[in-house]
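Peer 1: A single structure is presented below for examination.
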Amino acid sequence: MSLYDQWRAYTEDQNDEAALHAFWNRYFAEETEAYKMILADHTKPIEGKASEIAAAFNMEEAIFAGFLDGINTSLVTPVEVEKVEFDTELKLDIDFEKLYFNMHEAKADWLYNLKEWDGVLPAEKRKEITKAWRASKQFVSSDVKVGPNDPCPCGSGKKYKKCCGRSAD
Numbered sequence: 052m053s054l055y056d057q058w059r060a061y062t063e064d065q066n067d068e069a070a071l072h073a074f075w076n077r078y079f080a081e082e083t084e085a086y087k088m089i090l091a092d093h094t095k096p097i098e099g100k101a102s103e104i105a106a107a108f109n110m111e112e113a114i115f116a117g118f119l120d121g122i123n124t125s126l127v128t129p130v131e132v133e134k135v136e137f138d139t140e141l142k143l144d145i146d147f148e149k150l151y152f153n154m155h156e157a158k159a160d161w162l163y164n165l166k167e168w169d170g171v172l173p174a175e176k177r178k179e180i181t182k183a184w185r186a187s188k189q190f191v192s193s194d195v196k197v198g199p200n201d202p203c204p205c206g207s208g209k210k211y212k213k214c215c216g217r218s219a220d
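In the working numbering, the protein residues as written are 52 to 220.
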């Protein structure tokens with residue numbers, strides 16, 4: 052059974068609401084500590100056997116597989132998570148801008164608000180990424196016309212006729 056299969060078994064084997072809640076609380080605490088470690092020493096890729104990296108993050112190997120599944124879309128070269136075993140050699144080269152964006156996507160405010168981000172991405176870059184994430188969630192229909200009394204699409208809060216729709220005098 053692969054580590055990922057063990058991870059899935061963990062997530063599915065929680066019998067009651069209290070056990071499930073306890074499981075996820077434990078996972079999120081371990082995940083937070085792992086990200087603190089990663090952000091504190093962000094200048095080099097994380098390399099080694101899956102079991103060694105899991106031990107460095109103080110995680111069981113199967114829990115690490117869940118962590119790996121979560122960070123995978125933020126890696127420069129994604130890993131085939133389903134095939135990772137204890138002795139699989141890994142090189143986790145993280146794209147930190149993509150990671151910050153993906154943390155917003157996952158609504159993981161406990162992660163994208165870590166103070167350790169200060170040493171990785173400047174505050175202005177984090178604001179830019181947050182703005183890009185928000186923009187990616189907005190639905191824009193190009194076939195809908197804006198009427199003169201509709202709110203201006205620029206977001207000013209004014210009527211279109213008093214803002215961007217004003218004719219040049």
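All residues carry an ideal CB built from backbone N, CA and C; glycine is no exception.
Classify K176 as helix, strand or coil using the three-state DSSP reduction.
Peer 2: Taking the sequence shown and counting its residues from 1, one reaches residue 176 at position 125. DSSP places K176 in helix when its eight states are reduced to three.
Peer 1: Please report the distance separating the alpha-carbon of A157 from that of Y151.
Peer 2: In the sequence shown, the residue the question calls residue 157 occupies position 106. In the sequence shown, the residue the question calls residue 151 occupies position 100. Whole-angstrom Cα-Cα distance: 10 Å.
Peer 1: In the DSSP assignment, what residue or residues form a beta bridge with K233?
Peer 2: The shown model of the chain, from 52 to 220, leaves out residue 233, and the question about it has no answer.
Peer 1: For K182, is the classification buried or exposed, using 16 other Cβ atoms within 10 angstroms of its Cβ as the cut-off for buried?
Peer 2: In the sequence shown, residue 182 corresponds to position 131, counting from 1. With fewer than 16 Cβ atoms within 10 Å of its Cβ, K182 is classed as exposed.
Peer 1: For A101 versus L126, is the C-beta spacing smaller than 9 Å?
Peer 2: Taking the sequence shown and counting its residues from 1, one reaches residue 101 at position 50. Taking the sequence shown and counting its residues from 1, one reaches residue 126 at position 75. No, Cβ-Cβ distance for A101 and L126 is not below 9 Å.
Peer 1: Where A159 and K176 are concerned, what is the direct C-alpha to C-alpha distance, given to the nearest angstrom?
Peer 2: Along the sequence shown, one-based indexing puts residue 159 at 108. Along the sequence shown, one-based indexing puts residue 176 at 125. Approximately 18 Å, taken between the alpha carbons.
Peer 1: Please report the distance separating the alpha-carbon of G208 from that of N200.
Peer 2: On the sequence shown, position 157 is the one that residue 208 refers to. On the sequence shown, position 149 is the one that residue 200 refers to. Each residue's Cα considered, the two are about 11 Å apart.
Peer 1: By how many angstroms is the C-alpha of P204 removed from the C-alpha of Y78?
Peer 2: As a first step, residue 78 must be located in the sequence shown, where it is residue number 27. As a first step, residue 204 must be located in the sequence shown, where it is residue number 153. Their Cα atoms are separated by approximately 42 Å.
Peer 1: Using the C-alpha atoms, what's the distance from C215 back to E112?
Peer 2: Taking the first residue of the sequence shown as position 1, residue 112 is located at position 61. Taking the first residue of the sequence shown as position 1, residue 215 is located at position 164. The alpha-carbon atoms of E112 and C215 are separated by roughly 56 Å.
Peer 1: Determine which residues share a DSSP beta bridge with G99 and list them.
Peer 2: The residue given as residue 99 occupies position 48 in the sequence shown. The partner list for G99 (beta bridge, DSSP) reads L141.
Peer 1: Which residue wins for smallest C-alpha separation from G170, given the options Y211, H93, D138?
Peer 2: Your numbering for residue 170 matches position 119 in the sequence shown. Considering only alpha carbons, the answer is H93.
Peer 1: Quick one: is L54 buried, meaning 16 or more other Cβ sit within 10 Å of its Cβ, or exposed?
Peer 2: Here residue 54 corresponds to residue number 3 of the sequence shown, with the count starting at 1. Buried, by the Cβ-count rule.
Peer 1: List the whole-angstrom C-beta distance separating I97 from L143, where the pair is believed to meet the contact cut-off of C-beta under 8 Å.
Peer 2: Counting from 1 along the sequence shown, the entry for residue 97 is found at position 46. Counting from 1 along the sequence shown, the entry for residue 143 is found at position 92. Right, the Cβ-Cβ distance comes to about 4 Å (below 8 Å), so this counts as a contact.
Peer 1: Run through DSSP, which three-state label would D220 get?
Peer 2: For the purposes of this step, residue 220 is taken as residue 169 along the sequence shown, with counting starting at 1. In this prediction, D220 has a pLDDT of 45, which is less than 50 and means its spatial position is unreliable; what the coordinates show is noted afterwards. Reduced to three states, the DSSP call for D220 is coil.
Peer 1: What's the C-alpha gap between N153 and A80?
Peer 2: Counting from one through the sequence shown, the residue named residue 153 turns up at place 102. Counting from one through the sequence shown, the residue named residue 80 turns up at place 29. Computed Cα separation, rounded: 18 Å.
Peer 1: Shortest alpha-carbon distance to A186 belongs to which of I114, G206, W168?
Peer 2: For this step, residue 186 is matched to residue 135 along the sequence shown. Nearest of I114, G206, W168 to A186, Cα basis: G206.
Peer 1: For M162, which three-state DSSP category applies?
Peer 2: For the purposes of this step, residue 162 is identified with residue 111 of the sequence shown, where counting begins at 1. Before going on, a small fix: residue 162 reads as Leu here, not Met. DSSP places L162 in helix when its eight states are reduced to three.
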